[in-house]
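Peer 1: Take this structure first; my questions come after.
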Amino acid sequence: MDTSIQTTDAPPPPPQPSPVEQKRAARGATRPGDRIFLGLSRGSGILLLVIMAAIAAFLTYRASIAIGKDDANFLTTFEWNTGLVPPEFGIAVLAFGTIVSSVIAMVIAVPVAVAIALFLTHYAPRRLAGPIAYVIDLLAAVPSIVYGLWGAMILVPHLNGLNGWLDEYLGWTGIFSWDGLAPRSMLTVGILLAIMILPIITNVSREVFRQVPRMHEEAALALGATRWEVIRMAVLPFGRSGVISASMLGLGRALGETMAVATVLSPSFTIQTSLLDPGGGTFAQNIASKFGEADELGRDALIASGLVLFVITLLVNGAARAIIARRKEYSGANA
Amino acid sequence: MAKRIDVSGLTAYYGSHKAIEDISMTVEPRSVTAFIGPSGCGKSTFLRTLNRMHEVTPGGRVEGKVLLDDEDLYGAGIDPVSVRREVGMVFQRPNPFPTMSIFDNVAAGLRLNGKYKKSELNDIVEKSLKGANLWNEVKDRLNKPGSGLSGGQQQRLCIARAIAVEPDVLLMDEPCSALDPISTLAIEDLIGELKERFTIVIVTHNMQQAARVSDRTAFFNLAAVGQPGRLIEIDDTERIFSNPSVQATEDYISGRFG
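This is the structure we're talking about:
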């Protein structure tokens, strides 16, 4: 106790701090530097919330104007005629196209990305892993319009063979039937999106796999696990939630991708049961191609469709978090 | 099941660095052999050559012979994976698989080795957990994650996991160095029981522990930093701690260096 070292000429005790000051002292924000930093960081946090709220409010306000004037059911209509009197428009085709193209992209990209990440972290010699990782990083740096041009000029003409093959062997399902039109279709868009989201999923997965503690891998090795069994026992379970997060980042990009889809897809307000037939559309593509020429109501309608995309993205993220949280006690975090 | 280990002329490298040089020794079945020596003398490296874990480290390679009964672990055509199924290992820090339940941790090695019926698995897991003196503490929560146990319990879980596959030899790399004294005592008691069934080799920094648990003790030392570690002597534990034949051993044991 410091009373023992007080001497007679010690200064009188300072006045009792007020309750507010006590509270502030307890939070450790008494020094000027701390106070400034606290203010800055708290301000940034609040600013973020304000911006989010402003975006949501703006979207909701403009969307409600458009939906109020919509003569058709906004969620189930296969039309986008904002110029009609009364106007009729709905997002059914856009929701379908957005989800289908993103699902195709995920189905293709996630396994490939995880395989690449495993190869880079556990199989490739170090001399090879560096350059490959660099090239994958470069893929992420390519602007999406370049992907779009490449997709429209190279990918579309070269997919005839794949489409013919799918039609021949899987055409009976209806999902893969093809009548020979240029494949500016959902499948092509999905493949293109898969290539575009591959780098982000690969990179995040690679970081996660690299962080698997050496001791977990050695535990598996010492039990007599082969390299693949080590991956199955120690690496994949540890990286599971990270891979889910990585996939969600990729999915976010796929859902919102605009230019590449708009360049490749031949849009129409119909739902094609076959993934190989041209037509359909996505939220972002539809907004990009219509926004420039839209009148006020048209813009509000497009904003309403953007709001739906926003909600879908939120739902997807929530679902991913729920999946991760469900097995939290088994995650590597508390090891 | 327990087998004799016969090492002759074993040298191990990390890249171009020679970590241990020309080690020869025999470890009898159903005995506990302790490796002692100052840090960096290569005891752990040597231990890891006994189940071919050394070569997992990038640049790790080995020259010499390790016979398990009559089979050379480094012979041509020997698969390191099958060696590790015969020679189990327990590590310095408890490392149960964090994503697996207690039951699955113990069953992990069994599932690698082949198909078992659910009832067989149940029996082996129970037997192994009993063998590791952990059964009574975890029998009501076998489906809970292994990472929720205390450090000492986790280490015994790792021992249960290692003995579940009935290895010939059990290697322990400073198994108590991350544990409190009570957990350490539990593991030491366990080692005494396990030597009825397994050949046990244990690396320890704690000389009292070596004296308490082992039948034979091997003292390792290195001439200078950067020099390879060598086996100075191996003898009955009683002799090593009372009347060692090499001066360096006596100096180390009496705390004059290291």
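Heads up: the sequence lines are chains A and B, in that order.
Residue numbers in the first sequence follow the numbering used here, run continuously in steps of one, and reach 1333 at the last position.
Residue numbers in the second sequence follow the numbering used here, run continuously in steps of one, and reach 343 at the last position.
C-beta atoms are modelled at their ideal positions from N, C-alpha and C, and glycine is treated no differently.
Quantities reported herein were computed from a predicted structural model and do not represent experimental measurements.
(1) CB-CB under 7 Å to serine 1245/A, same chain, minus the five flanking residues each way: which ones, in chain order?
(2) Only counting the same chain, and skipping five residues up and downstream in sequence, which positions put a Cβ closer than 7 Å to that of glutamine 1209/A?
(3) Per DSSP, what are the beta-bridge partners of histidine 102/B in this structure?
(4) Mark leucine 1038/A as exposed unless 16 or more other C-beta atoms lie within 10 angstroms of its C-beta, in which case mark it buried.
(5) If you draw a straight line from the C-alpha of histidine 1120/A to the C-alpha of histidine 1214/A, how long is it?
(6) Does glycine 94/B come out as helix, strand or coil in the three-state DSSP assignment?
(7) Consider the Cβ of glutamate 1166/A: report whether some Cβ of chain B lies at a distance smaller than 8 Å.
(8) Is there at least one Cβ from chain B nearer than 8 Å to alanine 1323/A's Cβ?
(9) Determine, for leucine 197/B, whether the minimum Cβ-Cβ distance to residues of chain E falls below 8 Å.
(10) Counting beta carbon pairs with one atom in the stretch 1217-1235 of chain A and one in the stretch 1288-1298 of chain A, are three or more of them shorter than 8 Å?
(11) Sorted by chain position, which residues of the same chain lie with C-beta nearer than 6 Å to threonine 1005/A's C-beta, five sequence neighbours on each side aside?
(12) Counting only Cβ pairs nearer than 8 Å, list the residues of chain A close to phenylalanine 182/B.
(13) If you reduce the DSSP assignment to three classes, tell me which class arginine 1029/A lands in.
(14) Less than 8 Å between the C-beta atoms of valine 117/B and isoleucine 276/B, yes or no?
(15) Could you tell me whether any Cβ in chain B is nearer than 8 Å to the Cβ of glutamate 1227/A?
(16) Counting only the same chain and skipping the five closest in sequence on each side, list residues whose C-beta sits under 6 Å from that of threonine 269/B.
(17) Alpha carbon to alpha carbon, how far is glycine 237/B from glutamine 312/B?
(18) Is methionine 110/B helix, strand or coil when you go by DSSP?
(19) Starting from the C-beta of arginine 226/B, find all residues in its chain whose C-beta is less than 6 Å away, skip the five residues before and the five after it, and write them out in chain order.
(20) Here's the rule I'm using: 16 or more other beta-carbon atoms within 10 Å means buried, otherwise exposed. How should leucine 95/B be labelled?
(21) Kindly indicate which three-state DSSP category threonine 1075/A falls into: helix, strand or coil?
(22) Out of Phe1094/A, Val1144/A, Leu1116/A, point me to the one whose CA is closest to phenylalanine 1236/A's CA.
(23) Beta carbons nearer than 9 Å to chain B: which residues of the stretch 1081-1098 of chain A have them?
(24) Pop quiz: proline 1197/A and leucine 1137/A are said to be a contact at Cβ under 8 Å. What is the actual Cβ separation, rounded to whole angstroms?
(25) For a contact defined as C-beta to C-beta under 8 Å, what are the partners of leucine 1221/A on chain B?
(26) Measure the CB-CB distance between leucine 132/B and valine 151/B and report whether it falls below 8 Å.
(27) So, serine 1062/A versus leucine 1249/A, is the Cβ gap smaller than 8 Å?
(28) Whose C-beta lies closer than 7 Å to the C-beta of leucine 1179/A among residues of the same chain, with five residues either side of it excluded?
(29) So what does DSSP say about proline 1276/A, is it helix, strand or coil?
(30) Provide the residue(s) that pair with arginine 146/B in DSSP beta bridges, ordered along the chain.
(31) So, are the CB atoms of threonine 1075/A and glycine 1088/A less than 8 Å apart?
(32) In the DSSP assignment, what are the bridge partners of phenylalanine 304/B?
(33) Using a Cβ cut-off of 8 Å (strictly closer), state whether lysine 103/B contacts chain A.
(34) Under 8 Å, do leucine 1147/A and alanine 193/B count as touching if we go by C-beta distance?
(35) Please compile the residues from chain B whose C-beta is within a distance smaller than 7 Å of the C-beta of threonine 1224/A.
(36) How would you write the range of the alpha helix (DSSP H) that valine 191/B sits in, first residue to last?
Peer 2: To lay it out plainly:
(1) Sequence index remark: in the first sequence, residue 1245/A carries index 247 (1-based). Only Met1104, Val1108, Ile1199 meet the Cβ criterion.
(2) The count along the first sequence starts at 1 and reaches residue 1209/A at position 211. The answer is none, since no qualifying residue turns up.
(3) For this step, residue 102/B is matched to residue 17 along the second sequence. Answer is Tyr99/B, bridged to histidine 102/B.
(4) In the first sequence, counting from the first residue as 1, residue 1038/A sits at position 40. By the C-beta density criterion, leucine 1038/A is exposed, having fewer than 16 other C-beta atoms within 10 angstroms.
(5) Within the first sequence, residue 1120/A is the residue found at index 122, counting from 1. Within the first sequence, residue 1214/A is the residue found at index 216, counting from 1. Between histidine 1120/A and histidine 1214/A, the C-alpha separation is close to 14 Å.
(6) In the second sequence, residue 94/B corresponds to position 9, counting from 1. When DSSP states are grouped into helix, strand and coil, glycine 94/B belongs to the strand group.
(7) Mapped onto the first sequence, residue 1166/A falls at position 168. Look at glutamate 1166/A: its C-beta is not under 8 Å from any C-beta on chain B.
(8) For the purposes of this step, residue 1323/A is identified with residue 325 of the first sequence, where counting begins at 1. No, no contact with chain B.
(9) In the structure shown, chain E does not exist; the protein chains are A and B.
(10) Too few Cβ pairs lie closer than 8 Å, so no.
(11) Position 7 of the first sequence, counting from 1, holds the residue named residue 1005/A. Below a pLDDT of 50, predicted positions are generally treated as unreliable, and threonine 1005/A, at 45, falls in that range; the measurement from the model is reported next regardless. Within the same chain, threonine 1005/A has no close Cβ partners at all.
(12) Mapped onto the second sequence, residue 182/B falls at position 97. In chain order: His1214, Ala1217, Ala1218, Met1231, Ala1232, Pro1235.
(13) By one-based count along the first sequence, residue 1029/A stands at place 31. The three-state reading of DSSP puts arginine 1029/A in coil, since its state is none of H, G, I, E or B.
(14) Taking the second sequence and counting its residues from 1, the one referred to as residue 117/B is at position 32. Taking the second sequence and counting its residues from 1, the one referred to as residue 276/B is at position 191. Yes, Cβ-Cβ distance for valine 117/B and isoleucine 276/B is below 8 Å.
(15) Indexing the first sequence from 1 puts residue 1227/A at position 229. Under the Cβ distance rule, glutamate 1227/A counts among the residues neighbouring chain B, one pair being separated by less than 8 Å.
(16) Within the second sequence, residue 269/B is the residue found at index 184, counting from 1. For threonine 269/B, where only same-chain residues beyond five positions count, the Cβ hits under 6 Å are Cys261.
(17) For the purposes of this step, residue 237/B is identified with residue 152 of the second sequence, where counting begins at 1. For the purposes of this step, residue 312/B is identified with residue 227 of the second sequence, where counting begins at 1. Put simply, the backbone Cα of glycine 237/B is about 35 Å away from that of glutamine 312/B.
(18) As a working mapping, residue 110/B is identified with position 25 in the second sequence. Here methionine 110/B carries a strand assignment [DSSP, helix/strand/coil].
(19) Along the second sequence, read from residue 1 onward, the residue named residue 226/B stands at position 141. Cβ neighbours of arginine 226/B beyond the five flanking positions: none.
(20) Indexing the second sequence from 1 puts residue 95/B at position 10. With 16 or more other Cβ atoms within 10 Å, it is buried.
(21) Here residue 1075/A is taken as the residue at index 77 of the first sequence, counted from 1. It is coil, neither helix nor strand.
(22) Counted from its first residue, the first sequence places residue 1236/A at position 238. With distances taken between Cα atoms, phenylalanine 1236/A lies closest to Leu1116/A.
(23) Listed in chain order, the positions of the stretch 1081-1098 of chain A with a beta carbon within less than 9 Å of a beta carbon of chain B would be empty, since no residue qualifies.
(24) The sequence position of residue 1197/A within the first sequence is 199, counting from 1. The sequence position of residue 1137/A within the first sequence is 139, counting from 1. Beta-carbon to beta-carbon, proline 1197/A and leucine 1137/A are separated by about 4 Å, close enough to satisfy the 8 Å threshold.
(25) Mapped onto the first sequence, residue 1221/A falls at position 223. Contact note: leucine 1221/A reaches chain B through Arg169, Arg170, Gly173, Ala193, Gly194, Leu197, Arg246, Ala247, Val250, using a C-beta cutoff of 8 Å and chain order.
(26) Position 47 of the second sequence, counted from the first residue, corresponds to residue 132/B. Position 66 of the second sequence, counted from the first residue, corresponds to residue 151/B. Not a contact, by the Cβ cut-off of 8 Å.
(27) Within the first sequence, numbered from 1, the residue matching residue 1062/A stands at position 64. Within the first sequence, numbered from 1, the residue matching residue 1249/A stands at position 251. Not closer than 8 Å, so no.
(28) One-based indexing of the first sequence puts residue 1179/A at position 181. Asp1275, Pro1276, listed in sequence order.
(29) For this step, residue 1276/A is matched to residue 278 along the first sequence. Three-state DSSP puts proline 1276/A in a strand.
(30) Here residue 146/B refers to the residue found at position 61 when the second sequence is read from its first residue. According to the DSSP secondary-structure assignment, arginine 146/B is paired through a beta bridge with Tyr98/B.
(31) Position 77 of the first sequence, counted from the start, is the residue given in the question as residue 1075/A. Position 90 of the first sequence, counted from the start, is the residue given in the question as residue 1088/A. Between threonine 1075/A and glycine 1088/A, the gap from beta carbon to beta carbon is short of 8 Å.
(32) If you number the second sequence from 1, residue 304/B lands on position 219. For phenylalanine 304/B, the beta-bridge partners assigned by DSSP are Ile121/B, Glu318/B.
(33) Here residue 103/B refers to the residue found at position 18 of the second sequence. Not an interface residue.
(34) As a working note, residue 1147/A is residue 149 in the first sequence. As a working note, residue 193/B is residue 108 in the second sequence. No. Outside cutoff.
(35) As a position in the first sequence, residue 1224/A is number 226, starting the count at 1. The answer, in chain order, is Val166.
(36) As a first step, residue 191/B must be located in the second sequence, where it is residue number 106. Where valine 191/B is concerned, the enclosing alpha helix (DSSP H) stretches over 187-198.
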